[in-house]
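To start, the structure itself, in structure tokens.
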């Protein structure tokens with residue numbers, strides 16, 4: 001979702017801001033912008049096109065500065081039009097970028113309007129900028145007035161050399177000389193110390209909702225202030241430079257040293273210093289983390305899209321997620337895991353999107369293998385109803401990023417109901433979710449750039465299977481012989497996935513037919529029904545074909561009315577106990593002229609025929625069979641979207657990390 005990149009340095013930081021936005025494009029956005037401080041006043045460029053368009057505008061404007069911020073916006077309040085794009089200004093003094101949603105923005109807007117503030121956007125973010133401005137001390141605003149008069153004079157008459165600073169830079173001037181703190185005409189009027197940081201601290205106390213913000217003020221050109229609650233924000237530590245970003249990936253190549261801010265933190269950055277205070281205003285020390293592999297992220301290699309690359313990375317991602325963890329030990333989930341696992345008598349899984357479908361699959365495993373009653377909830381719904389809590393419930397939160405707003409809120413709600421035993425399954429060790437749960441299992445899928453989840457989804461399934469067998473052992477439901485069999489299946493999984501990837505040419509042939517359709521139906525039974533849901537989601541996400549999924553047994557209860565020769569019906573046909581039931585359902589489709597596409601496992605005796613196109617899956621992986629079918633459906637969706645010419649890695653209206661409700 002929305003992305004922030006901000007920097008303050010003793011050199012020109014504009015190229016850093018633009019490159020940071022490029023690295024955040026994968027998160028999804030519909031507008032972008034950049035603001036810098038030059039000649040004592042903020043200047044900005046905004047675009048409702050791609051970052052490349054913004055970069056061209058910035059180059060034309062001749063932007064260069066040692067302080068600035070940039071943003072990619074995913075519209076929530078207000079349409080994706082230039083006036084709603086960030087950075088947001090307040091009275092030509094404050095420049096602000098914001099991720100998140102301010103729930104009390106209407107009340108704040110009304111109060112600020114009464115104070116004389118004029119709103120030019122429909123965003124909730126604009127109230128933050130005006131609120132911060134309203135809380136600045138008068139001495140700071142007077143200082144700005146002097147700076148603004150000086151800046152206007154310079155623009156009109158030029159500097160001592162007869163040229164403005166911006167013109168000097170455009171004509172080849174030294175960017176190292178541009179930091180505003182080195183301008184004698186400006187620094188002789190020193191602002192009130194920490195006025196901006198104090199105003200930000202006071203402002204965030206009035207905000208309800210989620211936010212990550214970066215802000216600068218013309219009267220304090222030596223400082224950028226950031227704050228977060230419910231939306232991620234990271235500090236980058238550089239050489240004579242400091243950075244703020246919503247994702248460390250944005251700063252790849254600039255630094256390997258990061259501080260991940262916690263909820264309620266406010267940070268003040270200069271080119272040389274970092275000062276963090278907590279929600280109580282007390283100075284806070286946060287752990288410095290070194291991330292050395294960020295520079296490897298973003299290279300496509302031989303692939304045409306990141307989604308294709310990530311589909312083919314799944315054997316490696318699963319091998320690394322499984323490595324040294326396939327002995328099904330409670331310690332894989334944390335030091336306290338055994339005590340927790342021995343106590344709990346049920347499970348509650350909270351997730352959204354693909355992670356929710358992974359949870360639905362795990363329900364079949366947990367109940368059939370570990371004999372553990374399991375409830376799976378869509379996080380955005382769970383947090384707004386009145387469930388019956390149970391203190392001996394294991395609350396399992398699943399999220400690729402660990403920052404999914406609805407899942408974090410549902411987890412917090414579950415804790416508030418007295419369900420304290422919680423476990424995160426996540427791909428990011430530094431995420432808020434991992435910090436908020438007692439136990440965790442980190443998948444090792446690596447960064448996932450494509451918006452449609454692929455390798456993160458299958459890594460989650462592997463983690464949930466390991467959790468299932470581990471709980472089964474603790475609960476004396478898994479015998480040693482069964483444990484050995486599960487271990488072998490898990491170890492064989494990367495090999496099996498490679499064999500599925502070898503089916504790509506057959507799935508490309510299917511995709512050529514699907515590309516001309518506008519509707520599709522996916523069918524599955526048992527633990528493969530959630531995989532049908534995931535297959536339908538993948539197709540609609542990136543190809544924009546309307547797709548639905550149903551348990552195959554529900555066909556005659558409504559969906560059969562949709563079946564014609566114009567609607568392809570995809571059936572997941574594993575060689576399991578429900579096979580004969582599934583075959584009966586497939587006959588119902590064929591009898592009505594439907595066009596069937598079956599992913600059939602060995603020994604199912606489902607072969608291509610009139611009205612039926614079958615792809616023979618390489619093998620049956622027992623309870624892990626859903627992972628193999630998921631990969632095949634990912635390839636189908638990818639190649640269908642490719643045939644339709646859609647923006648596969650950045651599908652319209654969608655965001656990678658959903659950090660707002």
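Numbering (the UniProt record's numbering), first residue to last: 1 to 661. Glycine included, each C-beta is placed from N, C-alpha and C at the ideal position.
Candidates 589, 405, 603, of which the one nearest residue 577 by Cα:
Taking the chain shown and counting its residues from 1, one reaches residue 577 at position 577. Closest option to residue 577, Cα to Cα, is 603.
Any idea what DSSP makes of residue 426, helix, strand or coil?
Against the chain shown, residue 426 aligns to sequence position 426. Three-state DSSP puts residue 426 in a strand.
Span of the beta strand (DSSP E) holding residue 600?
The residue you call residue 600 lines up with position 600 of the chain shown. Unbroken beta strand (DSSP E) run through residue 600: 595-600.
With DSSP as the reference, identify every bridge partner of residue 211, one or two as the case may be.
Numbered from its first residue, the chain shown carries residue 211 at position 211. In the DSSP output, where bridge partners are listed per residue, residue 211 has 100, 230.
Looking at residue 82: is its Cβ nearer than 8 Å to the Cβ of residue 30?
Counting from one through the chain shown, the residue named residue 82 turns up at place 82. Counting from one through the chain shown, the residue named residue 30 turns up at place 30. No, these two residues do not count as a Cβ contact at 8 Å.
Would you kindly report the start and end of the unbroken alpha helix (DSSP H) that includes residue 639?
As a first step, residue 639 is located in the chain shown; it is residue number 639 there, counting from the start. Residues 625-644.
Here's the rule I'm using: 16 or more other beta-carbon atoms within 10 Å means buried, otherwise exposed. How should residue 423 be labelled?
Position 423 of the chain shown, counted from the start, is the residue given in the question as residue 423. Per the 10 Å Cβ criterion, buried.
Can you list, in chain order, the residues of its chain whose CB lies under 6 Å from that of residue 472, leaving out five sequence neighbours each side?
Residue 472 sits at position 472 when you count from the first residue of the chain shown. So the qualifying residues of the chain are 369, 370, 478.
Within 8 Å, strictly: CB atoms of residue 211 and residue 197
Taking the first residue of the chain shown as position 1, residue 211 is located at position 211. Taking the first residue of the chain shown as position 1, residue 197 is located at position 197. Cβ distance not < 8 Å, so residue 211 and residue 197 don't count as in contact.
6 Å CB neighbourhood of residue 569 in its chain, flanking five on each side removed
For the purposes of this step, residue 569 is taken as residue 569 along the chain shown, with counting starting at 1. Closer than 6 Å at the Cβ level, and outside the excluded window around residue 569, lie 521, 589, 594, 596.
Of the residues 265, 35, 511, 355, the one placed nearest residue 61, counting alpha carbons only:
The residue labelled residue 61 in the question sits at position 61 within the chain shown. For residue 61, the nearest C-alpha among the options comes from 35.
Could you give the uninterrupted runs of the beta strand (DSSP E) lying entirely in the segment 236-274, keeping only those of 3 residues or more?
241-245, 257-260, 266-269
With 16 other Cβ atoms within 10 Å as the buried cut-off, status of residue 221:
Along the chain shown, read from residue 1 onward, the residue named residue 221 stands at position 221. It counts as buried.
Counting only runs that start and end within the UniProt domain "SIS" (337-477), where is the alpha helix (DSSP H) found for 4 or more residues in a row?
337-343, 353-368, 379-382, 405-416, 432-436, 455-474
Which same chain residues end up closer than 6 Å to residue 129 when comparing Cβ atoms and leaving out the 5 residues on each side of it in sequence?
For the purposes of this step, residue 129 is taken as the residue at position 129 of the chain shown. These residues qualify, in order along the chain: 88, 90, 94, 96.
Cβ neighbour criterion (16 or more within 10 Å) applied to residue 585
Numbered from its first residue, the chain shown carries residue 585 at position 585. Buried, by the Cβ-count rule.
Whole beta strand (DSSP E) elements within the segment 515-547, 3-residue minimum:
519-524
Limits of the unbroken alpha helix (DSSP H) element including residue 306:
For the purposes of this step, residue 306 is identified with residue 306 of the chain shown, where counting begins at 1. Start and end: 306-312.
Under 8 Å: do the segment 227-246 and the segment 204-219 share three or more Cβ pairs, one atom per stretch?
yes
Per DSSP, residue 123 is paired with what?
Taking the chain shown and counting its residues from 1, one reaches residue 123 at position 123. According to DSSP, which records beta bridges pairwise, residue 123 is partnered with nothing at all.
Candidates 306, 256, 645: closest to residue 247 by CA position:
If you number the chain shown from 1, residue 247 lands on position 247. Cα-wise, what sits closest to residue 247 is 256.
Taking 8 Å as the threshold, find out whether the segment 486-498 comes into contact with the segment 341-355 through three or more Cβ pairs.
no
When DSSP labels each residue in this structure, what does residue 608 get in the three-state scheme?
Mapped onto the chain shown, residue 608 falls at position 608. Coil at residue 608, not helix or strand.
Give the secondary structure of residue 650 by DSSP, where H, G and I count as helix, E and B as strand, and everything else as coil.
As a working mapping, residue 650 is identified with position 650 in the chain shown. Note: residue 650 maps to coil in three-state DSSP.
Output needed for residue 637: all residues of its chain with C-beta closer than 8 Å, excluding positions within five of it in sequence on either side, in chain order.
Taking the first residue of the chain shown as position 1, residue 637 is located at position 637. Excluding positions up to five away in sequence, the list reads 452, 535, 538, 539, 541, 542, 543.
Alpha carbon to alpha carbon, how far is residue 72 from residue 3?
Against the chain shown, residue 72 aligns to sequence position 72. Against the chain shown, residue 3 aligns to sequence position 3. C-alpha separation (whole angstroms): 5 Å.
Does DSSP classify residue 223 as helix, strand or coil?
Here residue 223 refers to the residue found at position 223 when the chain shown is read from its first residue. Of the three classes helix, strand and coil, the one that applies to residue 223 here is coil, per DSSP.
By the three-class DSSP mapping on this structure, what secondary structure does residue 75 have?
Taking the chain shown and counting its residues from 1, the one referred to as residue 75 is at position 75. In the structure shown, residue 75 sits in coil (DSSP, three-state: anything other than H, G, I, E or B).
What does DSSP give as the partner residues of residue 551 in its beta bridges?
As a first step, residue 551 must be located in the chain shown, where it is residue number 551. DSSP, once it has assigned bridges, lists 524 as partnering residue 551.
Cβ distance (whole Å) where residue 274 is taken to contact residue 237 below 8 Å:
If you number the chain shown from 1, residue 274 lands on position 274. If you number the chain shown from 1, residue 237 lands on position 237. Yes, residue 274 and residue 237 are in contact; Cβ-Cβ is about 7 Å, under 8 Å.
Could you tell me the alpha carbon to alpha carbon distance between residue 652 and residue 405, rounded to whole angstroms?
In the chain shown, counting from the first residue as 1, residue 652 sits at position 652. In the chain shown, counting from the first residue as 1, residue 405 sits at position 405. Looking at the two C-alpha atoms, the distance is approximately 20 Å.
Quick test of your reading: residue 243 and residue 430, contact by CB under 8 Å. State the CB separation rounded to the nearest angstrom.
For the purposes of this step, residue 243 is taken as residue 243 along the chain shown, with counting starting at 1. For the purposes of this step, residue 430 is taken as residue 430 along the chain shown, with counting starting at 1. Incorrect: roughly 16 Å between the Cβ atoms, too far for contact.
DSSP three-state call for residue 2: helix, strand or coil?
As a working mapping, residue 2 is identified with position 2 in the chain shown. Residue 2 falls in the coil class under three-state DSSP.
Measuring only the C-alpha atoms, how far is residue 408 from residue 402?
On the chain shown, position 408 is the one that residue 408 refers to. On the chain shown, position 402 is the one that residue 402 refers to. Their backbone Cα atoms lie some 8 Å apart in a straight line.
Taking the alpha helix (DSSP H) that residue 114 falls in, what are its first and last residues?
The count along the chain shown starts at 1 and reaches residue 114 at position 114. 105-114 is the span of the alpha helix (DSSP H), which, as asked, contains residue 114.
If you draw a straight line from the alpha carbon of residue 435 to that of residue 484, how long is it in whole angstroms?
On the chain shown, residue 435 is found 435 positions in, with the first residue counted as 1. On the chain shown, residue 484 is found 484 positions in, with the first residue counted as 1. Going from the Cα of residue 435 to the Cα of residue 484 covers about 33 Å.
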